[in-house]
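Colleague: First the structure, then my questions, so here it is.
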Amino acid sequence: MSDRESMEYDVVVVGGGPAGLAAAIRLKQLAAEKNHEIGVCVLEKGAELGAHILSGAVMDPRALTELIPDWKEKGAPLNVPVTRDKFMFLSRTGARVTPHFLLPDCFRNEGNYIVRLGDVVRWLGEQAEALGVDIFPGFAAAGLLYDEQGAVRGVVTGDMGVARDGSHTANYQPGMELLARYTLFAEGSRGQLGRQLIERYRLDEGRDPQSYGIGIKEMWEVDPAQSHPGLVVHTAGWPLDSDTYGGSFLYHLDNNLVAVGMVVGLDYANPWLSPFEEFQRYKTHPAIRPTFEGGKRIAYGARALTAGGLLSLPKLAFPGGALVGCEAGFLNAPRIKGSHAAIKSGAMAAEAAFQAVLADRRQDVLAAYPTAFESSWLREELHKARNFKQWFKKGRTLATVMTGIEQWLLKGNFPWTIHRTKPDYACLQPASQCARIDYPKPDGKLTFDRLSSVFISNTNHDENEPVHLTLKDPSVPVAVNLAKYGGPEARYCPAAVYEFVKDDHGADRLQINAQNCVHCKTCDIKDPTQNIVWVAPQGGEGPVYNGM
-14 MSDRESMEYD VVVVGGGPAG LAAAIRLKQL AAEKNHEIGV CVLEKGAELG AHILSGAVMD
46 PRALTELIPD WKEKGAPLNV PVTRDKFMFL SRTGARVTPH FLLPDCFRNE GNYIVRLGDV
106 VRWLGEQAEA LGVDIFPGFA AAGLLYDEQG AVRGVVTGDM GVARDGSHTA NYQPGMELLA
166 RYTLFAEGSR GQLGRQLIER YRLDEGRDPQ SYGIGIKEMW EVDPAQSHPG LVVHTAGWPL
226 DSDTYGGSFL YHLDNNLVAV GMVVGLDYAN PWLSPFEEFQ RYKTHPAIRP TFEGGKRIAY
286 GARALTAGGL LSLPKLAFPG GALVGCEAGF LNAPRIKGSH AAIKSGAMAA EAAFQAVLAD
346 RRQDVLAAYP TAFESSWLRE ELHKARNFKQ WFKKGRTLAT VMTGIEQWLL KGNFPWTIHR
406 TKPDYACLQP ASQCARIDYP KPDGKLTFDR LSSVFISNTN HDENEPVHLT LKDPSVPVAV
466 NLAKYGGPEA RYCPAAVYEF VKDDHGADRL QINAQNCVHC KTCDIKDPTQ NIVWVAPQGG
526 EGPVYNGM
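Just so it is clear: in the sequence shown, position 198 is 183 by the numbering used here, and no numbers are missing.
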């Protein structure tokens, strides 16, 4: 028996993003319809709901309308409808605009909204609390609990007040056990517990390797003359080379705000590439720079996204629980949208869990959830997009042509399915085989360095706590990563967490500045030796994004 305090619910939801909150809301809605009591709680590792939420974001309201049909009357912060789409292919100095009639449906945004997803999440939290959901922000789910049959029984939150050497400080508090009939995991991309569950239950067996991207985003307050609320701009091409998957966006919100960002596929090959510097270069393009001249950068963040699509989806349910949202990988990569899929998946999992609770079942497999997905509009949507990422492994030119044929001409009904066989980390090539990339120094007006960027992400970690970026083997970063790959962790991290320095004897060592970590999870994904494992720090720590 554990000496920790425990609380028991019918359903525990790990993660207070769109998927987790949608699941909690749907559970309570169904309980009210059936006049049946159901206990639901949501654990959120951020200091408040939305603190760790970062997305572009253009939101398709379809799933939200299914979940909360009167969301407009209830004041959901979807205030900026898309008024115009613009897609550009960039060369170093030029820009070629794709005629609107040639844009496939996946790049069209009529009926969608430009949102600050953190604000949407906070509003969803209000709806959940009004229905009686218990929400616990500032509590990171750090471990899994199993019953005697090996089914998930719940989670345990992380201990608080632990010093870097493992000793207990005066503020020590042991974690609490949250027990449940069913536990829904909505941690977002590359979730710490989701990763363990996929391995334990072999949920990815027979699937294509999962694929990821890193999304880097800034929020700017621009000159009113450069503000065009409702304008959605997507770009492909420069500064990325033709063999590197990625693209960029500018979303014009109200109040003279523009969200600008870049997604770089983490299957890139050149270890000298830095996604952060590529993004900074992007803003200097002649077609992009004018938007920001005379403006002010007010926010920054970065987050990995799960982009493998339908072919990489793991099995969704296992004894005692299920994966929802980006934890599973429901992002539609060509649409660059995941929030609608997160909400839909959360609602479907909730419906399966509610029926199980109503039937007085516990800790079995929620088979109704994957069954519902197979017959859903979400599955149909992801099926049409299934080859998108795979085409880009064949180069941008071929990918552009084939995406046009598949999405514009055939409306996603391509007769063949293309598979991937290699995980992202295995795509990195030895540094000696790749060309170095020289990035310009930031000017502090349009382009910036990592540390000033982390500063405006409001990131904070206690410097005396255990480092949450753990190494399986401390010798590997220098002996393998630095020697063979040129130390790529110093470049793929968008927060200056990793740097190679000399010790007192002149030898190289890896210094981990864990207090800078914005919880993007890129290191956990891209490390070529899979030696870095991200674990949750003390609850409430990390970035505090203001409506990003």
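A virtual CB, placed ideally from N, CA and C, is assigned to each residue, including glycine.
1) Going by DSSP, what residue range makes up the alpha helix (DSSP H) through R185?
2) Between W362, T142, V118, which has its C-alpha nearest A126's C-alpha?
3) What residue ranges within the stretch 368 to 438 form continuous beta strand (DSSP E) runs of no fewer than 3 residues, ordered along the chain?
4) Go ahead and label P84 buried or exposed: buried means 16 or more other beta carbons lie within 10 angstroms of its beta carbon, across all protein chains shown.
5) Please go through the same chain and pick out, in chain order, the residues whose beta-carbon is closer than 7 Å to the beta-carbon of W223, but skip the five residues on each side of it.
6) Can you tell me where the beta strand (DSSP E) holding Q496 begins and where it ends?
7) Under the three-state reduction of DSSP, which class applies to N445: helix, strand or coil?
8) Rounded to the nearest angstrom, what separates K469 and L216 at their Cα positions?
9) Can you tell me whether L109 is helix, strand or coil according to DSSP?
10) Spatial neighbours of A534 within its chain, please: CB distance less than 8 Å, with the 5 preceding and 5 following residues excluded, ordered by chain position.
11) Need the endpoints of the alpha helix (DSSP H) that H325 sits in, please.
12) Buried or exposed, going by whether 16 or more other CB atoms sit within 10 Å of the CB of H219?
13) Is the distance from the Cβ of E(-7) to the Cβ of L164 below 9 Å?
14) What would DSSP say about Q265, mapped onto helix, strand or coil?
15) Among V(-4), Q418, A481, D423, which has the Cα closest to the Cα of F440?
16) Within the stretch -10 to 46, note down every full alpha helix (DSSP H) run reaching 4 residues or more, in order along the chain.
17) DSSP three-state call for W257: helix, strand or coil?
18) In three-state DSSP terms, what is T507?
19) If you follow the beta strand (DSSP E) that R166 is in, where does it begin and where does it stop?
20) Within a Cβ cutoff of 7 Å, which residues of the same chain sit near L277, ignoring the five residues on either side of it in sequence?
21) Which stretch, first to last residue, makes up the alpha helix (DSSP H) that contains R274?
22) So who's on the other strand from L242, going by DSSP bridges?
23) Which first and last residues belong to the alpha helix (DSSP H) in which A353 is found?
24) Would R547 and W519 qualify as a contact pair, given that the criterion is a beta-carbon distance under 9 Å?
25) Name the two residues that bound the continuous alpha helix (DSSP H) containing R476.
26) Would A335 pass as a contact of A302 if the rule is Cβ separation under 9 Å?
27) Report the CB separation of D541 from P159 in whole angstroms; it is logged as a contact under 8 Å.
28) Count the other CB atoms within 10 Å of the CB of V536; is the residue buried (16 or more) or exposed (fewer)?
29) Closer than 6 Å by C-beta to N548: which residues in its own chain qualify, once you throw out the five before and the five after it? Chain order, please.
30) Since G173 and G2 are thought to touch, with beta carbons under 8 Å apart, how far apart are those beta carbons, to the nearest angstrom?
31) Can you tell me where the beta strand (DSSP E) holding A155 begins and where it ends?
32) Tell me, please, whether the stretch 345 to 365 touches the stretch 23 to 40 by the rule of three or more beta-carbon pairs shorter than 8 Å.
33) Do G280 and Q211 have their C-beta atoms within less than 9 Å of each other?
34) Checking the sheet assignment: what are the DSSP bridge partners for S233?
35) Which of the three DSSP states is assigned to W56 in this structure?
36) Please classify R364: does DSSP put it in a helix, a strand, or coil?
Modeller: Answer, in terms of the structure:
1) 177 to 185
2) The shortest Cα separation from A126 among W362, T142, V118 belongs to T142.
3) Scanning the stretch 368 to 438 for uninterrupted beta strand (DSSP E) segments of 3 residues or longer gives nothing; none is fully contained.
4) exposed
5) Around W223: L75, S76, R77, H270.
6) Its beta strand (DSSP E) spans residues 493 to 497.
7) Three-state result, N445: strand.
8) 44 Å
9) Correct three-state label for L109: helix.
10) This structure gives no information on residue 534, because the portion of the chain shown stretches from -14 to 533.
11) 324 to 343
12) buried
13) yes
14) Q265 falls in the helix class under three-state DSSP.
15) A481
16) The stretch -10 to 46 contains these whole alpha helix (DSSP H) runs: 3 to 19.
17) coil
18) helix
19) 162 to 170
20) Per the sequence presented here, residue 277 reads as Phe, with Leu not at that position. Closer than 7 Å at the Cβ level, and outside the excluded window around F277, lie W205, V207, K268, L431.
21) Run containing R274: 274 to 277, per the alpha helix (DSSP H) assignment.
22) E206
23) 353 to 359
24) There is no way to answer for residue 547, as the model of the chain reaches only from -14 to 533.
25) 474 to 477
26) Note that the C-beta distance between A335 and A302 is not below 9 Å.
27) As shown, the chain starts at -14 and ends at 533. That puts residue 541 outside it, with no answer to give.
28) Residue coverage of the chain in this structure runs from -14 to 533, which leaves residue 536 outside it and unanswerable.
29) The structure shown has nothing for residue 548, since the chain only spans -14 to 533.
30) 6 Å
31) 153 to 158
32) no
33) With respect to Q211, G280 sits close: the two C-beta atoms are nearer than 9 Å.
34) T220, M247
35) coil
36) R364 falls in the helix class under three-state DSSP.
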